[in-house]
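Down below is the structure, laid out as structure tokens.
There are 2 protein chains.
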Amino acid sequence: MSRKLYELAAADETLLFSPYCWRTKLALAHKNLEYETIPWRFTEKDAIAFSGQGKVPVLVDGARTIHDSEIIAEYLEATYPNEPALFADPAARAITRFVKSWTEDVLHPLVARIVLPDIFVKLDPRDKAYFRDSRERAWGMTIEDINAQRPAATKALTAGLAPLRGTLKAQPFIAGTAPAYADHIIFGALQWAVLTSATPLLGEEPIIAAWMSAVLECYGL
Amino acid sequence: MSRKLYELAAADETLLFSPYCWRTKLALAHKNLEYETIPWRFTEKDAIAFSGQGKVPVLVDGARTIHDSEIIAEYLEATYPNEPALFADPAARAITRFVKSWTEDVLHPLVARIVLPDIFVKLDPRDKAYFRDSRERAWGMTIEDINAQRPAATKALTAGLAPLRGTLKAQPFIAGTAPAYADHIIFGALQWAVLTSATPLLGEEPIIAAWMSAVLECYGL
Numbered sequence: 000m001s002r003k004l005y006e007l008a009a010a011d012e013t014l015l016f017s018p019y020c021w022r023t024k025l026a027l028a029h030k031n032l033e034y035e036t037i038p039w040r041f042t043e044k045d046a047i048a049f050s051g052q053g054k055v056p057v058l059v060d061g062a063r064t065i066h067d068s069e070i071i072a073e074y075l076e077a078t079y080p081n082e083p084a085l086f087a088d089p090a091a092r093a094i095t096r097f098v099k100s101w102t103e104d105v106l107h108p109l110v111a112r113i114v115l116p117d118i119f120v121k122l123d124p125r126d127k128a129y130f131r132d133s134r135e136r137a138w139g140m141t142i143e144d145i146n147a148q149r150p151a152a153t154k155a156l157t158a159g160l161a162p163l164r165g166t167l168k169a170q171p172f173i174a175g176t177a178p179a180y181a182d183h184i185i186f187g188a189l190q191w192a193v194l195t196s197a198t199p200l201l202g203e204e205p206i207i208a209a210w211m212s213a214v215l216e217c218y219g220l
Numbered sequence: 000m001s002r003k004l005y006e007l008a009a010a011d012e013t014l015l016f017s018p019y020c021w022r023t024k025l026a027l028a029h030k031n032l033e034y035e036t037i038p039w040r041f042t043e044k045d046a047i048a049f050s051g052q053g054k055v056p057v058l059v060d061g062a063r064t065i066h067d068s069e070i071i072a073e074y075l076e077a078t079y080p081n082e083p084a085l086f087a088d089p090a091a092r093a094i095t096r097f098v099k100s101w102t103e104d105v106l107h108p109l110v111a112r113i114v115l116p117d118i119f120v121k122l123d124p125r126d127k128a129y130f131r132d133s134r135e136r137a138w139g140m141t142i143e144d145i146n147a148q149r150p151a152a153t154k155a156l157t158a159g160l161a162p163l164r165g166t167l168k169a170q171p172f173i174a175g176t177a178p179a180y181a182d183h184i185i186f187g188a189l190q191w192a193v194l195t196s197a198t199p200l201l202g203e204e205p206i207i208a209a210w211m212s213a214v215l216e217c218y219g220l
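Right under this line is the structure:
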């Protein structure tokens, strides 16, 4: 297939857990575009060196190589205008940026505090030293210390999800009656959590869990 | 004038501080609609009894009486379609609901923890007993106890504003190149804070302060 997506994988190459890769997976599904997944590990920098940088998602679309989930979304919207819109009009696109900021500034740290230790366990052995070193430096504590705070982190996630819960009580998707990129962004963060957590998350969040199922079902995933 | 807006006022009737009233004030300005302000205090239930309930904003537009800022916004959008749109398309309107949930679930409590004691000082004497009683019951502590936590509350507001800061680093308004109802909602919460706080807020938030000035300037306020 001429369309390939390099996606972050655990030791189990079917465990594709990156929140940013999930945004791109849903955006491709939204645009009805098929692709082949190339599982990629943190330390396989050589495998994506052709993209000019060292992070996934990397999308190869025929002769084009695009990296960074946001740039990929813009590329897909511009290149496939006859498929369903990711952003609708300019105002919806602008307000989606607030959803993105909230997701990255608030939701990602809340999720990371819970699942970083679980991800560490599931990683390919070659990735473990890099992951421990980079994450412990970013968080200023050991992975074991992060794990010790799991009960507080789980409570903090529940509290932090209030704006999502409130929105989904009023309407089926963030973008209204059907999912769009605003949904993809938040879904990516929670799919990262659900796929990697050693304990069930969202078990007491029926509205959010139902929305995640509905997003996947919309795209036949 | 046949258009009147009942707005929450302090002892000084020019101190109009309700976040919900500010949403309506900006929505009216956005729609180029003039109106007369009727200052109203918490305990003047009789003065708005004609609206069938006891809270402001209450808008009287000719023969119509409308209450609740969200219903007023919908009314203005439907009644004045030839004026600039508050919501643009249905997707923007849906995603604006996430902004509303975040503002009410996260930002309002962060602001309240700082300014409730300052508002108490500024209220009309007739309102003080009602305000103390209702707020102390809601917060489970005295106004004096809330005030004692002001330093922590101020730090929490700074942290909580991250998604707004991130959005405004990327674009001039929440809704893109011009303000719309998504801006009005967040502006209302921060205007409530700025107008009532006994200490300067947002002094170290140049991006947010500039956005607030730009919103007012757009509407000639």
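Read top to bottom, the protein sequences are chains V and G.
According to numbering that gives the first Met the number 0, the first sequence holds residues 0 to 220 in order.
According to numbering that gives the first Met the number 0, the second sequence holds residues 0 to 220 in order.
We treat Cβ as the ideally placed atom computed from N, Cα and C, and that holds for glycine.
Proximity of residue i and residue j at Cβ, strictly below 8 Å
| i | j | result |
| --- | --- | --- |
| Ile223 (chain V) | Ala87 (chain V) | Residue numbering for chain V in the displayed model covers 0 to 220; residue 223 (chain V) lies beyond these limits and cannot be assessed. |
| Ile207 (chain V) | Leu106 (chain V) | no |
| Ala155 (chain G) | Val98 (chain G) | no |
| Leu4 (chain V) | Ile37 (chain V) | yes |
| Trp39 (chain V) | Trp191 (chain V) | no |
| Phe41 (chain G) | Asp117 (chain G) | no |
| Arg136 (chain V) | Phe119 (chain V) | no |
| Ala179 (chain V) | Leu85 (chain V) | yes |
| Ile71 (chain G) | Pro56 (chain G) | yes |
| Leu122 (chain V) | Ile142 (chain V) | no |
| Glu6 (chain G) | Leu15 (chain G) | yes |
| His183 (chain V) | Ala8 (chain V) | no |
| Ile94 (chain V) | Thr95 (chain G) | yes |
| Gly165 (chain V) | Asp104 (chain G) | yes |
| Tyr34 (chain G) | Arg2 (chain G) | yes |
| Trp257 (chain V) | Trp210 (chain G) | There is simply no residue 257 (chain V) to check, as chain V begins at 0 and stops at 220 in what is shown. |
Any chain V beta carbon closer than 8 Å to residue i
| i | result |
| --- | --- |
| Gly139 (chain G) | no |
| Ala179 (chain G) | yes |
| Ala213 (chain G) | no |
| Ala147 (chain G) | no |
Beta-carbon neighbours of residue i, restricted to chain V and to distances below 9 Å
| i | result |
| --- | --- |
| Gln52 (chain G) | Here the premise fails: no neighbours, minimum Cβ distance about 21 Å. |
Contacts of residue i in chain V (Cβ-Cβ under 7 Å)
| i | result |
| --- | --- |
| Thr95 (chain G) | Ile94 |
Proximity test, Cβ basis, 8 Å: residue i and chain G
| i | result |
| --- | --- |
| Thr64 (chain V) | no |
| Ser100 (chain V) | yes |
| Asp117 (chain V) | no |
| Ala209 (chain V) | no |
| Ala188 (chain V) | no |
| Lys91 (chain V) | According to the sequence provided, residue 91 (chain V) is Ala. The question's Lys does not apply to it. Yes, Ala91 (chain V) lies at the interface with chain G (some Cβ there is under 8 Å from its Cβ). |
Segment limits, alpha helix (DSSP H) that includes residue i
| i | result |
| --- | --- |
| Leu14 (chain G) | Premise fails: Leu14 (chain G) is in no alpha helix (DSSP H) and is neither H nor E. |
| Gly159 (chain G) | Arg149 to Gly159 |
| Lys99 (chain V) | Pro89 to Trp101 |
| Thr42 (chain V) | No alpha helix (DSSP H) holds Thr42 (chain V); DSSP gives it neither H nor E. |
| Met211 (chain V) | Pro205 to Cys217 |
| Leu194 (chain V) | Tyr180 to Thr195 |
| Asp117 (chain V) | His107 to Lys121 |
| Arg125 (chain V) | Looking at the DSSP string, Arg125 (chain V) is not in any alpha helix (DSSP H), and its letter there is neither H nor E. |
Contact set between residue i and chain G, taken where Cβ atoms lie within less than 8 Å
| i | result |
| --- | --- |
| Pro110 (chain V) | A small correction: the amino acid at residue 110 (chain V) is Val; Pro does not occupy that position in the sequence shown. Those within 8 Å of Val110 (chain V) in chain G number zero; the least Cβ separation is about 15 Å. |
Neighbour list for residue i in chain V, Cβ cutoff strictly below 8 Å
| i | result |
| --- | --- |
| Val105 (chain G) | Ala161 and Pro162 |
Enclosing beta strand (DSSP E) for residue i [first to last residue]
| i | result |
| --- | --- |
| Arg63 (chain G) | Arg63 to His66 |
| Val55 (chain G) | Note, Val55 (chain G): premise wrong, no beta strand (DSSP E); not H, not E. |
| Arg2 (chain V) | Arg2 to Leu7 |
| Glu35 (chain G) | Glu35 to Trp39 |
| Which of the residues in the stretch 67 to 88 of chain G, read from start to end, lie with their CB under 9 Å from any CB of chain V? | Ala84, Phe86, Ala87 and Asp88
| request: Compile a chain-ordered list of the residues in the stretch 151 to 184 of chain V whose CB is closer than 7 Å to at least one CB of chain G. | output: Ala161, Pro162, Gly165, Thr166, Ala169, Gln170, Ile173, Ala174, Gly175, Ala179 and Ala181
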